[in-house]
Structures are given as C-alpha cells and as structure tokens.
Amino acid sequence: MAADFSDSAPTVRDLVTRRAIETPEAVYLIAPETGSTLTFGELHGRCLTLARDLAGLGIQRGDRVGLFLPNGLQAAGLFVGIMAAGCVATPLSLLLQPEPLAFVLTHSDCRLVFTTTEHRRELEQALARLPIPGAVAVRVIDAECGSDDGAGTPDAAWPLAAPANGSNALLMYTSGTTGRPKGVRLSHGNVLSGARFVSQAHGLGPSDRVLAVLPLYHINAQIVTVLAPLYHGGSLVMPRRFSAGRFWSLAAEHRCTWLNVVPTIIAYLLNGEENLRADLDLGAVRFCRSASAPLAPEHHRAFEQRFGIGIIETMGLTETAAPVFTNPLNPALRKIGSPGRAFGNLARIAAPGTERPQPAGMVGEIQISGPNVMSGYHKDPAETASAFTADGWLKTGDLGYRDDEGFYFVTGRLKELIIKGGENIAPREIDETLLKHPALLEAAAVGVPDPLYGQEIEAGVVLKPGMTATEEELKIFCEDRLGRFKTPRVIRIMTELPKGPSGKVQRLRLLQGAGHPHPTRSAGTDRRHLS
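Using full-length UniProt numbering, read the sequence shown as starting at 1 and increasing by one per residue.
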C-alpha cells in the first residue's frame, strides 16, 4: 500500500528528493524502444542539473517552461524536473495547429520550450506568429537520450528557491472544441493530491508498474502514470506512442501490474490481432484503469471476458488534477456504467446553475470540492468566477446522478444534452444502444437543429474491420430497442469519429462534419481529459 507523504513531501521537489534518499537504485521509468531506464537517484540528478541549466538561462522561479515533446524518458524527466526546479511545467499538445499553439505560448508567457528535431518545424511555425519575435527560447533535445548520473546528491543545493505547496506547478490548457483554450492553474498541492488519490484508491506500492501509453501532454498521463508512481515508489513503462499491435507484448515483457487506458484504446484492443496470442504471460496484471469518457458497458464486459482482466472505471478533470471518482478495487463491488464513488475529494449533484443538492436518483450537475481542485484559469478571472458556485464548488458541466450507495453515473454534458420536443435525451443512451450492434466499433449521437422538435438526433458510427452494416439496418436496430422517438434520424457511417487530443469523442464536431451550424460554446468546456 502506498505511503502517505502528504506532510513530508508537500512539493514535487520534496517528493523527488525523498525518493532519491530512500530508493536511489530503484527503477522509476523504462523506455522500451531503447531499453533505457531511469532510477529515482538518476531522476533527482536530472532534476538538479535541469534546475541549474534553467537558472543559467535566466529562468526564474514561477516562470512557465513548455514541453512540445513525444512520450519518452526525456519528456517524463523534463516534466518532473521543471516542477522540481520551481518553475511551472506547460505541456503543449503535439496536435495543436500553429495558430492555437501560438496563442498558448503567448497567453502562458512561456519563457522556454523543449522540443525535438522531429517537431521543431511545427513549433517554429507557431513562433513565427508571436507578437514579439524571439520572446520564447527553444531548446532542441534528443527524445531517445538514455539515462545519466545527473549531478549532485539528495542534499545538494538547488539554484532556485524552493516552491511552496500552494505555488503553481502545472499550467494545462484545455482543448475546447471552439474558441481559445483556457489555462488551468494547478499547484504542487493539487498535483500531489491527484497522485495520492490514484495511489491510495488502487492500492499501489513500490512493486507496481504501469504501462503508460497515453500522451504526456494530457492530465491523465501526467498525474496517473508519471506522478502517481513517483508518489508510491512504483515504476512505469512509457513507449513513444500507443500501438495496439505492441500493447500486450509490452505489458507481458515488462511484467506490468496495471494498465492505464481510455475507452477508445479498449475498443482498438478488442479488435487487435495480437490479443489472440497464447504465449503472452499477463499474469502480473491486476487491473486495467479506464478514464476520459464513459466506457460503454458492452465494451467493458467484452474486455473482461476476452482478456480476463478486470476494469476499474474512473473519472476526472483537468481542473481537478485528474481523479474525481473511482470504482473499488474489489471486483464484486464495482458497478459497470459508473465511474464509481468520490475518492479524496467531495462530490455532489446539484440543480444546474445552483448549489442546491439533489437527492439520490435525481439528475443534476456534478460538482466537486477538494485539495485537488484548481485555483483558477490563467489570466481569466471572469471564467474562473463562472466555474465555481457561490459556496466554492467546481461546476464540472457534467450531468449525472448518485445512487443510494454513493456511486455516480454520468448521463451527459450540459451543452451536449439533446432536447427533442421538450424531452431531455442523454446521447450516451443512444451510443450504448448502437454499440450493442455486433458490427459497430464506435458510436456517438448528437442533437442537431430541427424546426419541428427544436432538436433532432443524428449519430456517427465506425464499423469494426471486415464488418458491414447499412444505415437502415442500424435504424431498425435502434428502433427495436429505443423506440422511434429516440432513434437517430440520420446515422452516418464514418471512417473515424472526430476526437480531441485526449482521444475523447467530440460530439459537437459531428455537427460541423454534417454541415450543421456549430452552437456557441466557450473554450475549454470539454474538461474530462484522459483522467
């Protein structure tokens, strides 16, 4: 079981030092492509060397330092090192186009960005759009660089003053579907609370190793697969990118004890050929953790039946440093279709736009309070004020309800709810019905403007490889299970569904693909990133 360092390690620097003192030779990270490893002692050395380099460049405590990097030993080491140095890590999505990337660089007041030769050109296209040329320095590194001894012992002096528990550690920009992204300010206390909640909820300790395939520029990878192992003294295997063809081989070869994925990855794994190999020893795997978006019950059951690995469904937000809800470790107590109970923080269901709690079984907005909740949005006091209730709870924008046993169920997003003829329809209900069809890999329903009903229902679907289905066949399938009123008027068969950088389906982009006008939506409302 994880030890509680909440008092003795109030910052990332304290935690890195604590690990270097207690278990300097223990392996923290494995880069499978090169076989390179990073121990806790080497991590501390890298962090100290980075801090000295940053100070030498004139970077000061609290300055924002960007990461425009693929997954790997270098990226993870720099992510931890920037925070340990006393600066603010600002991960940048590799999927950002030049214009929004330039906005983030400017808005964050980023002083320096680390990148690779592979991604330098994309970064320079964004830098060319900055209002002040040369305002952001660039450091090009080798993404495949192996471990080194670093410099300095755990009692060595740091060049920059120590950060405080409440000072900013991480600036994360949300990926709203329209408008400009918002910068979520997370303190050392916020990110370590998230790491602690993951470690304690899943009973993780030094012998645990996670297969970390999610992109490091999203909150789930940062908190769940990088900081949580640092917190409980475990380790992670971080390939450069997710590959359905190598996923199980990596888990078996490195004796991973848990897996951290999103529903999209589960869908791909269910259709992967490597899954049929009998020579893979997955006996070390205790559970698979799923987050980012609601997991379709059909996929949940199919995964467990096919691979014999139990899924713990969870949920979190960028604004809460990842975890909010989790199902119990005990498989007999888990509830399929629910992200679980609140863990570490407090949660409630309130009438939308109010602080008025709703009783069990009543649908309302999910609201959160706890030590993992952000301080606010960077340079945006108005949005910060609108994100919280009068009594200080974070408004998630998610609709759901709580049952009598304290399990939460998500029914949709406030801005994605379909209102047809005055009746509220949760898109997830239609998604899950469509996914019961044996030919479908993915499905997403959305409300579209309609002069008669106000909104009608359309859906986009992706077929499994080698499978066929017609729109008419799928409509009949839905009508038999949902009735005519809830059956989508149009079902478009697509090669892929529009997704954000986290892999979460972006329903409102389906409207654009179908030629419908996009509804007004503030940036950053799509908060449930890979958490």
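The beta carbon of each residue, even a glycine, is placed where N, CA and C say it ideally should be. For clarity, every value in this text was computed on a predicted model and none was experimentally measured.
DSSP places Glu458 in no alpha helix (DSSP H) but in the uninterrupted beta strand (DSSP E) bounded by 454 to 463. Taking the C-beta atoms as reference points, Leu482 is found no nearer than 7 Å to Thr411.
Nearest to Arg246 by C-alpha distance, out of Arg277, Gln74, Val80, His119, is Arg277. A distance below 6 Å between beta-carbons, with the five flanking residues on each side excluded, links Leu474 to the following residues of its chain, in chain order: Ile491.
Counting only residues of its own chain and dropping the five nearest sequence neighbours on each side, Leu130 has a CB closer than 7 Å to the CB of Ala102, Leu105, Thr106, Val136. For Asp403, the closest C-alpha among the options Gly361, Arg428, Pro163 is that of Gly361. Proximity to Val226 across Val27, Ala195, Arg19 peaks at Ala195, based on C-alpha coordinates. In this structure, the alpha-carbon of Trp158 lies about 23 Å from that of Pro91. In this structure, Leu29 sits away from Leu69, with a CB-CB distance that is not shorter than 7 Å. Boundaries for Trp248: no beta strand (DSSP E) harbours it, while the alpha helix (DSSP H) harbouring it runs 247 to 253, taken from the DSSP string. Nearest in C-alpha terms to Thr39, of all of Pro163, Leu435, Leu230, Ile132, is Leu230. Asn260 carries a strand assignment under DSSP once its states are collapsed to helix, strand and coil. Contact between Arg61 and Gly86 holds: their C-beta atoms lie close to 4 Å from each other, under 8 Å. Cβ atoms of Ser375 and Gly392 stay farther apart than 8 Å, at about 12 Å. Cβ-Cβ separation between Ala445 and Pro498: approximately 13 Å, too far for a contact (criterion under 8 Å).
Scanning the region 282 to 345 from its first residue to its last, the whole beta strand (DSSP E) runs of 3-plus residues come out as 287 to 290, 311 to 317, 322 to 326.
Non-local C-beta neighbours of Arg507 in its own chain, meaning closer than 6 Å and more than five positions away in sequence, comprise Glu416, Ala444, Val446, ordered along the chain. Beta-bridge partners assigned by DSSP to Asp279: none are found.
Proximity of the region 40 to 49 to the region 13 to 24 meets the contact definition, three or more beta-carbon pairs being nearer than 8 Å. Rounded to whole angstroms, the gap between the alpha carbons of Ala212 and Ile366 is 28 Å.
The beta-carbon separation of Ala251 and Leu282, rounded to 6 Å, stays under the 8 Å limit for a contact. Distance from the Cα of Arg13 is smallest, within the candidate group Gly56, Leu112, Ala156, for Ala156. Residue state for Lys499 is assigned as strand, using DSSP reduced to three classes.
By the neighbour-count definition (other C-beta atoms within 10 Å, threshold 16), Gly353 is an exposed residue. In the three-state reduction of the DSSP assignment, Val363 falls in the coil class, being assigned neither a helical nor a strand state.
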